[in-house]
Every structure is written in structure tokens, then in C-alpha cells.
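Report on the structure given below.
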Amino acid sequence: ACGSGSSDDTDSGGGPTKIKVGVIPIVDVAPLYLGIKQGFFSAENLDVTLETAQGGAAIVPGVVSEQYQFGFSNTVSLLLASSQGLPLKVVSAGNSSTGDKAKDFGGVIVRADSPIKTAADLAGKKVAVNTLKNINTTTVNKVVRDAGGDPSTITYVELAFPDIPAAVAKGDVDAGQVVEPFLTIASSQGDRVVAANFAGTDPNLMVGMYFTSQKYATEHAKTVTSFTTAMAKSLEYASTHLDEARAILSTYTKLDPAVQKSLVLPKWPADVDRNSVQVLSDLATSDGLITKQPNLDTLLP
Amino acid sequence: MTTTTPTLTGPAEIRPVRAAGRWRQPALGLLGCLIAVAVVEALPRLGVVDSRFLPPFSTMARSLGGQLTEGDFWTGLGQTLAGWAAGLAIAMVAGIVVGVVIGSVPLLRAVTASTIEFLRPIPSVALIPLVVLIYGSRPQSALILVVYAAFWQVLVQVLYGVADVDPVVRDTARSYRFSRWAIIRSVVWPTAMPYVVTGFRLAASVALILEVTAELIIGVPGLGKSIGVAQSSGAVPETYALVLVVGLLGVLINVCTRAVERRVLRWHTSVRGEA
Amino acid sequence: MKISEFPRRILIALGLPVVLIALWWFASAGSTSFFWPPLSTIVQAFPETWTADPLLHDVLPSVARLLGGYLIALLVGVAAGTAIGRSRTLRALCEPVLEFFRAVPPPVLVPVIALFAGYTGSTSKVLTIALGCLWPILLNTVEGVRSLDEVLLDTARSYRLGRVATLWHVVLRGSSPRIAAGARQSLSIGVILMVISELFGANRGLGASIVQFQRSFAIPQMWTGIILLGLLGVVLSALFRLVENRSLAWYRGQRDAERER
Amino acid sequence: MSDTIALDVAGLAKTYRSPGRDVEAVRDLTFQIRRGELVCIVGPSGAGKTTLLRCIAGLLDLSGGQIRLDGTAVTEPPAGMAVVFQEYGRSLFPWLTVRGNVELPLKEKGLAKAARAAKVAEALDAVGLPDSADAHPWQLSGGMQQRVAIARAIAYEPSVLLMDEPFAAVDAQTRADLEDLVRTLWKRLGVTVLFVTHDIDESVYLGQRVLVLSNRPTVVLEDVPVDLPDDRDQLTTRSSPQFTKIRTHVYELVQSAKRGERPEPS
Amino acid sequence: MSDTIALDVAGLAKTYRSPGRDVEAVRDLTFQIRRGELVCIVGPSGAGKTTLLRCIAGLLDLSGGQIRLDGTAVTEPPAGMAVVFQEYGRSLFPWLTVRGNVELPLKEKGLAKAARAAKVAEALDAVGLPDSADAHPWQLSGGMQQRVAIARAIAYEPSVLLMDEPFAAVDAQTRADLEDLVRTLWKRLGVTVLFVTHDIDESVYLGQRVLVLSNRPTVVLEDVPVDLPDDRDQLTTRSSPQFTKIRTHVYELVQSAKRGERPEPS
Ligand SMILES: Nc1ncnc2c1ncn2[C@@H]1O[C@H](COP(=O)(O)OP(=O)(O)OP(=O)(O)O)[C@@H](O)[C@H]1O
Ligand SMILES: Nc1ncnc2c1ncn2[C@@H]1O[C@H](COP(=O)(O)OP(=O)(O)OP(=O)(O)O)[C@@H](O)[C@H]1O
Ligand SMILES: [Mg+2]
Ligand SMILES: [Mg+2]
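Protein chains in written order, with the working numbering: chain A, 44 to 344; chain B, 4 to 278; chain C, 5 to 265; chain D, 3 to 268; chain E, 3 to 268.
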């Protein structure tokens, strides 16, 4: 690909390569912000602009059309996209479950006075998730099934994360799957966590990943390598400097300081845990989200 | 005939009412706002709604006060307004031109009717992936959504306005052999004017809504993006503070529109009586 | 003359759509873009996607909510619009507050509605639709009532038509052309809000389905959904036209009377 | 005496105010009309006749003075009053048929359906429009529209009838017929009629008195009594010397009003 | 001879069609008007006078027959024609001032600003409205509105002038002044005038010929030549025995038209 002489692979003599990364302004992407601040990206001669969006729905098309060179999305969305034939390529790990069922960054909350005590009790109940037929439903299904409940009896409704604690408090739904910071906010308001759906699915569950389009990956292999390298350094740095990672949150979120101090950070492994991606792929298949398993060899690095 | 001269009392007290009338409108408007503020303050305080999810007005206002001192807020406001104004302007011009052309040619109107009805209900939100495909989270994305949504508002109003021309007025113009352009300019346009003003008011708020929504969902820079960030941080008062700003923008736009309306529609029945 | 009229009208109504569809068909024929699939693919996906089950459990409830919300908006809009249009005081009092709510984007307003009307279930969705449809109807009713011919109003007053009769026979009839303009505009806004409302606390519905397709990257299916929305719009507007043609026959006649050519 | 006074206009003044243009339409009108009297009003174009009628009908706020109908001040349209507007075309409801237009006020009055139908048919017949009941107003000629407005007023059987140039758009023969119709109704029902016209012969032929208004700002120039016998007919009355004398007098008054002559301020 | 014929109406028929109600307004009208002639049209209310005028103005499609103006068939409003509509109120643009209303057609004609201003002032002066130039039409009385419409037409200096009951809303004195104005203009500019009126005296006073129309469906009942001297004035002309003779004749014709009398089909 280097020999093709096309575009910015050859321009390393000039200024830094400008790239845009589509992200969701949440805790998950703290390493990227931190890495930029630490200069890991400029060291790789990358000039990163972060474009924030509310969800993968806006980021994936942006990456496919190369409006963004890279993007961040949850694993199941990426699996869905590639099983539909969308040519994506994962370039870096994003974040993963802490593996600690008592202290993960995502979980299912219920009201303090709720009769639901365990994951199995969720069967037959109404559960709010932020997107239907995605990572949250498959993992909740999994932990319910593992606990002996029948997940097919759960009624999922879609609500935005900020609205889930309110809906739970109002009793409109019996439970809701939320991630940080809403988990901490909800807990501090008395809600109970009855299931850790990420950690319960797989202790190393790869929840989110950074990706690009296959076209870009082949045409700009060098930029992609630089990005991967810088990301690896960033993830590594964030994992070892949790306080700095926590501190950087205030630069791009409006977290309440108390919440910012106490929320549970995800794990930021440097490498993609292929195993857990396979687990999610299997779950997506068994839950009927996809009919044809994507080829993980082409999707994952 | 009569010996006693009639006393000039009675319903002659017109002047004082008029003098007060100058301040009556805004005063009443303010009163309405105060009532609304009081309700928003009271509902959470009385426990009708959970104050965690809908904070009392004072909390929102305090949060807003905090944000007013931040440069980011003003930048965002500026970006939102710029995107709104550009989109609205394009939609207005396009809607008026297309509306007048289609509306003045009956055949054209008949031919396009079904297509227009097909395209109108396609929600701008459904277009989001498509615009992201083309422009990513650049302001152009929001612009397309804004123009698309606002255009239909103007178009429908203009179409109805053009159809409202008084036949006698039209005949008058025709009998003096006004050119097609002159008929449009001096007959069709004034008749459609009240509709255009309504179209503008509808389009203005739809444009604002779409601008903010696009910022919120796609991440186009602006107030909506800040709302998105606040939402995903679980910062409820900040969220509502920003929503408050968006709503106030709407009020401001309306006040301006009304002022313009009073000038350009001075001749119209709806304004005449309120001079 | 009457006989040749019908095919002519069909031709006029369908001519442009057919041309546009043909254009789309050929322009997209060789498309390899993931998000712009060939129209043929979309057409193929249509019958697979919209089988009896989704029609019954997604489309029907959505349309029912849409109609419910729309009717509420129509009722409230016309009633409130008449009151506001007739009373300067009320207008001055309400306008800023109404303008405020009008400017708030549904995505941020919907959670507030949900706070009162519940996050799941149909109530908040119907309310969302109603709230969105309300504005064009309300605004147009206000303007329609304000621009009533004074001589007509004076006639009604001098014959001492009662409040109800004046409202019914004069104010509403007289402003009905403008109310119709608003109602028509609301119809498509209702369809749009039907989709938006289903982004919140829904698990089924036409809008939810479209968003679901979009999120699971089932792009041809998403396009079928968009087309279905468009078709829904056409059908609703045809129904609307039917009602409008009956109730506004006088207006059409009057406006067209001298414009025979 | 005062109990036979139906209408008492005292010091009536009306100024139209609009930004940048105040028009003093009526300065000081004072006159009285007895119950059951038929009074015609003539005056130059723009004198304020329509304004006066609208004030009496309770449709305009006064700028000064007072109007009393049967002893009570008029602040809103009084009961039992019918008005035929000068803008006849605009005063018909375009969404109703001719029948609907005539019937609506009767419905409001609470008349039963059959009684309404009879009255509508009779009124339309009287104005010569029996065949147009199902047409919409905008399908009629100007004169026909005006006659619909008249039919609506007479079907209503008011106790006070205000007519503002009601025959302006009809042909000479129809006009004569309608004039006789008004006199017949007036005699039969004892209704108080205030009749604005530009046709001086008509004012003399119809009225018991003719009020001649001055130029704007308007005052009463002269109150001309018409001492013709109560039984009038188009041929004999109009050719009587007394008629000619009065009409010549009124004509001269209107001419002098037009020239701007005004009564001495008393 | 044919080159002096300005207007040639041949077998004109017009039926208004609407769902469920077809009205045959005009059945068969045939007449000719020479260039520079002043012809008055009278006929019962609803006879089809307005319809005829609208057809001549090219504003209505004919159902039969033909109208030729200066030899060419009228299919759209011809150049150099001005119309004063019966619905004067509705024919004024409410969004323009009186001046704007009179000026607009002149602007369209391409007149320079100064020339326009002069013509507008002159026309408003002629109709007695020099002071109301800056008012909007809806701030004027009915008669004033009508005079604005007339001012607009005369300021336009048309070669053919169609007037549909243009003086219906003005007082007797103004009416007389306007009648003289029309005659003066007609003589000065040599304009062809078609004048619809209900006032039979007026038709005789103004016209060189009076066309009397029959009841609906309309045909020409009689074409009455007015053999009065060309120099007319309100007093002497109207009191001349010849005038009385013609007016009586026309009056009888209108009466018989109203009764439904029609000419024998030839
Ligand atoms: N709405 C208004 N605003 C301002 N001025 C008005 C308004 N209506 C009437 N006028 C003015 O008041 C005066 C009297 O008008 P009015 O209509 O009463 O006259 P009128 O006697 O009925 O005349 P006409 O015989 O022409 O109908 C006129 O000079 C007119 O310009
Ligand atoms: N738009 C229309 N639709 C149906 N019928 C109409 C329409 N316009 C006029 N007519 C009918 O045509 C006939 C002639 O109308 P027109 O207005 O020409 O009469 P006119 O001679 O001008 O009467 P007038 O003296 O009362 O103004 C009338 O009977 C009327 O009912
Ligand atoms: Mg008047
Ligand atoms: Mg006519």
C-alpha cells in the first residue's frame, strides 16, 4: 500500500497528518483525551480532532464515508455493521469490563424497594436499555440466563441513559441497564445494582473499540499504524494513571465533581480481547440480532 | 330640541387606555412568563415531579448563571444562531420561490402535489445517517437538516397563501395587463404575506429545533452539543439551563417577528385593529 | 369531457412520481455505496420487511398513536387558537410562554413529557405527537381568526348571533381555510414526531423499527421504512384532501369563481 | 313624550385614530327618532353616515356623546335590530347558501324549523330571489347579493332597521319595488327605520323626515320634515308638486353640504 | 366602415358551470360599438351586465360567440383597457395607499416617476379626493373607495373604458360631478366607453346610445339611440323634453325586461 503513493502516507515530510476521530463524550474514551494531552498522538505525527456525537448511529456512517478517519463504537454495533457487510476494521481496543461483578462500570439498577433481588428476578419484567437489540440486551439476556431466568420473557424498552434512572424511580420500568456516570448517580440516590451485565458476561468483555473503514486501513496503512501505536500508549498510560484519567473527564464532560470522584472507571486494556468479542458475536447470533457471524479475522486487527 | 346638554361622559375614555396599551402587551407577556416560572418552580418543590429529574426553576437559573460566564457557552450560542440563521434564510428563500412558482401555475401544482406529500413526512432525523455520510459533524450537516425541515413549513404556507388571492383583485391586475411578474409582486405576494409571516414563525422554530437536535445527535458544534454533553454526564440542571436558553431564543425570535409583522402587515385585517 | 377527465388526473398525480422513481432506479442501479443501495434492492427488501406481523404490531399502533395525537392537537389547537385569536389579552399573556415551548426541541422536551406522562406506554408518545402537531394548527388558527373580515363579524354581532353560533358559523368557518393550512402542515409533522416519539421508551412501532434498522445497519430495510413513511404521508394527505374538499368547497368555489381559465 | 323616543343620539362624536392619521368623522350629531318612525339620512360621500349607523348599531366605540335606544345607552348591538351594510357583498357568509344566510339569524332567534323555512321563502320572494336559495352568495350578481342582505334583514323582523344604501346595486324597477316593500313592512310591523341613501328622490319618497348631514366633520345640516301623505305610490307621489318642492330643497342642501356649508354653531 | 368599429360582440353566450348548478347568464348578445363611442348598458339586476363586461375585458372564457376588439378576438385582457369593477371595495389593493393604488398601473405602463405623480394627483383631484392620497382604502368610506377605483381608471388614460355601476355609492352631487367628468374625459381623450348603470337618467344623460338588456338568459332588448346634443349639462339637458322622452322609453323597456319580456326570436 505504501507504494501506491496516494495521499498522506508519503507526506510524513510535511506537517502532521490531520485525522478526525468520532467519539461519544463519555467516560469510555478518557484515554484518547488523555493520550492527546500527553502528546502520544503528536509523537506519531498525528493531529487529532475529536468530533463528538451521541451514538454509533452517527459515527459509523461518518467513518465509512471518511468524514472521520476513526471512530469509537460499542462492540456489538461493530459486529452488526460487519455482518451486514459494512467494511470496517478495528484498529484498537477501547474499553472493557472491570471483571469485578461488584464494581463494574455498567449494570442493571432497580429501585431500593424493588422485589427484584437477583438477575434471575428480571425475567418477566420491563427493563430499560439505551438501545434495543444491542450490547446491553444481549449481555443482560446472558446474565439472566446464567442466573436461571428466562430472558425471552423480559420486555425491553428503549430510553436514553439519562432518563433511565428517572423511569426506574417513577416505576415506569422495573429495572434499567445503565453505565457510568448514571450508575453512580443512581446508586447514590438509593438504587440497587442487581446485575453486572458486562462483567457477568465475560470478565474481559470488550465493550467498545476504535475502528476505521477497511478502505482507509488499506490506503493509509501508515496512519492507521500510527494511530494504533498512539492509542496503545494512551490506553496503557490511562490504565496506570487512573487519577489523571479521572481528572481529564472534567475537560469534556459536565460531571458533578462528587460523581467524577467516585464513579467506576472501565478497564483500558491495550489489546483487543478476541475471546470476548467472539462471545458477543455468539450472543448476538443466538439472540437473533445477526444471522451470519461476521468474520472476526477481517474485523479485528 | 333637548334642553339639557348631554354630558360628555360615557365611553369616551379612549386615550388613557391607549396610553396604557403601549405597555399592556409586554406586561401581560411578562406576567404569563412569571406564571410559567412559578409553575416550574412549584412543581418539583411540591413533589409533583422528582426534583432530581426536573429541578426547580431557581436551580436551572443558577446553573445558567454559571454558564453565562463561560466562553464556551457564548461560542456555542453563536454557532447555533449562525447555523439557524443560515438554514432559515435558505429555507425561506427556497420555500417562497418554489411556493410562488408552483402555486401560480395550477398545472405545476397538480403535478407536484403527490411528490410533495411524499417527501414532507420523511423525518429529518431519518436523514441523519445520510447527512453524516456526506458532511460528518460539520455545520453543513445541521444546515441540510434545518433547510430540509424548515423548507416544507414555508412551502405549505406559501402555497395556501398564493391560493388566497381575491379573484376581484386578481382580475383588476389582469385587466390593467400587469405582467406575470408584476402580478406576483404586487398581488400574489402581498396576499401571501400573512401566510409567509406564519410560515416564517413556524420555520424559525423548526429550524431552531433541528439545529439543536442536529448538534445534539451528530455533534455539530453549538448549544445542542453542550446539551448532549450535559445529558450524557447526567448533569440535569445544566441540561435544563441550556434548554431554557433555547426556549428563550424562540421567544426572542417571536418578539422580533411580531415587530416586523406590525410593520409589513399594517394594512391587514389582523393587524389593523391592534394598532 | 367528464370521461377523459379521470385518466388526465391520474396522469397528473402520478406523472412526476413515476419520473422521479425511474430516475432513482437508474441512478442507483449500480450503486455500491452501503448507505445508498440500489432501488431494486430496496424494493426487494420491502415485502420481506413489511409482512403482516410488523404491519399489525408496528405500523398499526404507530398510526393509531399518530391519529390520536393529531386529533388531540386539532381539538386543542383550534379551541385554544380561537380563544387566543379572539382575545388580545389572552394572546399577550400566552404568547411568550407558547413561543418558549415551541422552540424547545422534542428530543429534550420528550423526557420532560415522560416525567409526567410516563416513560413507557402510549400516553407520552401520543402527547409528544400532539404537542408537535399543535403549533401549526394553533398559529394558523390564531392568524385565521385575527384576519376575519370585519364586516362579517359586524354582521354577526348586529344580528346578535350567540357566542356559540358566532364561533361555529362565523369564526370557525371564516378561518377554516387557514386552519386547513395548519392542519395539513401538522399532518406531516405528526408523522415525523411519531418517529421521534418512538425513540423514547418504545420497543415496537414504525419509527422504532426504522431506527432499529438504522442502528443494526440494515440499510435497505431502513429505506423501506422511510418509503413507508412517505407513503403514509401520501395516504393521510389524500384523506385530508377529501375532508378539505368537502368542508372548503365554498372557499374553492369562491376563489375559483372568476378564474375559469 | 320621552317614552315614544326610540333612538336618542346626543352629541355623538367619532374620531378614527390610526398611527399618523386621525380622522374626525363625526363631530357633533344630535337628533331623535320616535318609535315607528321612518327617517332617511342623506349627506355627501364620506360625511359619516356609515359611521353613524355603525355607532347606533353598537359596533363602534364612540369618541364622545351618547346613543340611547329605548332609554338605555347603546354599548353593544341591541336586540331586535337588523343592519343592511353598505358592503353588502362582504356581509354575506360565503360558506353558506343564500338560504343559509337568511336563515342563520332566525335560527339564533330560536325560531322553529318550519317557521324559519316559511319566513326565508317569503323574504326571498319579496326581494325577487325565489330561485337562488341554493346558490352561494359569490355565485350571484352584485344586485342579487344586495337583495339577499335585504332579505336577511326583513326576515329577521327587527324592531329597528338600519339600512346603509341598500338599493345602490339594483336596477330602477327593482329599486322601486324594494322601496315599496320597505314602506309596506314599515307600516305593517311598525318598525323604526333609519335609511341612508344617496338618491334624494328616494329619501323623500320613503321618509317621514330627511336628515341632511354636513360635510366632514359631520353635524346635522337640516332636519327636513316630509309632509307628504302616508299612502304613497311611485307614480302619483313622485309627480306631486309637494314632492318636487321637498326634493329640490334637499338637493340644494346636499349641494351646499358638498360645498362645505355648515350650520352656525349654536 | 369596419375600421371604425372598436368593439364587435357577436353571438356572445356565457353559462356559469358549477357542480349541480349551471346558470345560463348570457344567451346571445350581438352589438357593435364604434371607436370613441360612449354606450350605456342598463338591464335588470342579474341580467348579465357584469358578465358581459368581464367577457369584454378578457377575464372570462366565453361559452359561445366571439368578441373582437379592433378586429382581434379578445382572449386575454387587451392593452389600453381600464375596468372599474362593481365590487369596487374588493378591487382596491388593501396593502397599498390610495396613491399606490392609482399609481401601480401607471408604473406597470412604464411611466416615469414625475409623470406618474402628476397624473395621480390630477386624477385624485378630479374625483374629489386630494386629501386622502396617503390613506389606505379600508380607511375610506364606500363612496370614497369607489372614487379611488375611478381615479385609477382615468389616470390610466385607457383607450377603452369599462365601468360597472361606478357611481353607485356616491352622493347625488358627486355623482353629477363624476358624470360630467366622464363626459369631459371621453371628449378630450376620444376613449371608447362602455358604462353599466342602474340609473336610467344617468344612462340617457351620459350615453350616445343605451343598450337595454333583457332578463336572464340575456339578449339585447333594444338599442336606444340618444339623440341629444353632444354638449350636455346637468340642468338643461335633464329638463329637455327629448331627454324625458328617451328616459321614459328606457324606463318602460327596463320595466318590461323585468317583467320578462323578450324580443321575438328573429
Ligand atoms: N376605519 C377607518 N379608519 C379611518 N378613517 C375612517 C375609517 N372608516 C371611515 N373613515 C373616515 O371617516 C369618514 C366617514 O366615513 P363613512 O364611511 O362614515 O362615510 P359615509 O358617509 O358612509 O360615506 P359614503 O356615502 O361614501 O359611504 C371618511 O372620511 C372616512 O375616510
Ligand atoms: N360565479 C358565478 N357562478 C354562477 N353563477 C354566476 C356567477 N356569477 C354570476 N352568476 C349568475 O349570472 C347571472 C348574471 O350575473 P351578473 O353579475 O352578470 O349580473 P348583472 O347584470 O351584473 O347584475 P347586477 O346588476 O345585479 O350587478 C346572475 O344570475 C348570477 O346569478
Ligand atoms: Mg357609507
Ligand atoms: Mg353586476
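For each residue, glycine too, the CB sits at the ideal point set by N, CA and C.
Since the model is a prediction, treat every value here as computed from it, not as a measurement.
For C/Thr53, the number of other beta carbons within 10 angstroms of its own is at least 16, and it is reported as buried.
His138, Pro139, Trp140, Gln141: these are the residues of the stretch 136-150 of chain D whose beta carbon lies less than 9 Å from some beta carbon of chain C, given in chain order. Counting only beta-carbon distances shorter than 7 Å to the non-hydrogen atoms of ligand 3, the qualifying residues in chain order are D/Lys51, D/Thr52, D/Gln88, D/Asp166, D/Glu167, D/Val198, E/Ser143, E/Gly144, E/Gly145. At a cut-off of 8 Å between beta carbons, A/Leu298 contacts chain B. Look at A/Gln110 here: in three-state DSSP terms it is coil, with no helix or strand label.
Following the DSSP letters along the chain, one finds D/Asn217 in no beta strand (DSSP E), marked with neither H nor E.
Annotation: Cβ neighbours of A/Leu129 in chain C (cutoff 8 Å, chain order): Phe38, Phe221. Judged by the Cβ position, E/Gln148 fails to qualify as a neighbour of ligand 2 at the 7 Å threshold, every heavy atom of the ligand being at least this far. Short of 7 Å from the beta carbon of D/Glu159, and not among the five residues preceding or following it, lie these beta carbons of its own chain, in chain order: Leu191. Between D/Val184 and chain C, the shortest Cβ-Cβ separation is not below 8 Å. Ranked by how close their Cα comes to the Cα of C/Ala68, the residues C/Val247, C/Trp254, C/Leu236 have C/Leu236 in first place. Chain B has a Cβ within less than 8 Å of the Cβ of C/Pro21. In terms of beta-carbon proximity, C/Leu246 stays away from the interface with chain B, with every pair separated by 8 Å or more.
If you draw a straight line from the Cα of A/Pro74 to the Cα of B/Thr83, it is about 29 Å long.
Residues of chain B with a Cβ closer than 9 Å to the Cβ of A/Gln232 are, in chain order, Arg55. Within the same chain, and ignoring the five residues on either side of B/Ser61 in sequence, the residues whose Cβ sits closer than 8 Å to its Cβ are Glu44. From the listed residues A/Asn184, A/Ser139, A/Thr174, the smallest Cα separation to A/Leu202 is found for A/Thr174. A residue is called buried when at least 16 other Cβ atoms come within 10 angstroms of its Cβ; B/Gly237 meets this threshold and is buried. Judged by DSSP secondary structure, E/Lys189 falls within the alpha helix (DSSP H) whose first and last residues are 174-191.
In this structure, D/Gly48 has its beta carbon less than 7 Å from a heavy atom of ligand 1. Distance from the C-beta of D/Tyr18 to the nearest heavy atom of ligand 1 is below 7 Å. The alpha-carbon separation between D/Ala155 and C/Asn144 amounts to approximately 33 Å. Per the Cβ contact rule, the stretch 167-182 of chain B is in contact with the stretch 50-68 of chain E (3 or more Cβ pairs under 8 Å). Boundaries of the alpha helix (DSSP H) harbouring A/Ser319: 317-329, taken from the DSSP string.
The Cβ-Cβ distance between D/Ser47 and E/Gly145 falls below 8 Å.
Chain A has no Cβ within less than 8 Å of the Cβ of C/Leu232.
Assignment of A/Leu308 by DSSP, reduced to helix, strand and coil, places it in the coil class. Secondary structure of D/Ile58 (DSSP, three-state): helix.
By the Cβ-count criterion, E/Leu237 is exposed, with fewer than 16 other Cβ atoms from all chains shown falling within 10 Å of its own Cβ. Any Cβ of chain C closer than 8 Å to the Cβ of B/Glu120 would place that residue at the interface, and such an atom is present.
Short of 6 Å from the beta carbon of B/Gly102, and not among the five residues preceding or following it, lie these beta carbons of its own chain, in chain order: Leu158, Val161, Leu162. Identification of residues in the stretch 157-171 of chain C having a C-beta nearer than 7 Å to some C-beta of chain D yields Asp158, Thr159, Arg161, Ser162, Tyr163, Arg164, Leu165, Gly166, Ala169, given in sequence order.
Between E/Glu181 and E/Tyr207, the gap from beta carbon to beta carbon is short of 8 Å. One alpha carbon belongs to B/Pro124, the other to C/Asp62, and they sit about 18 Å apart. Under DSSP, A/Asn117 takes part in a beta bridge, and its partners are A/Gly251. Listed in chain order, the alpha helix (DSSP H) runs fully inside the stretch 182-235 of chain C are 210-219, counting runs of at least 4 residues.
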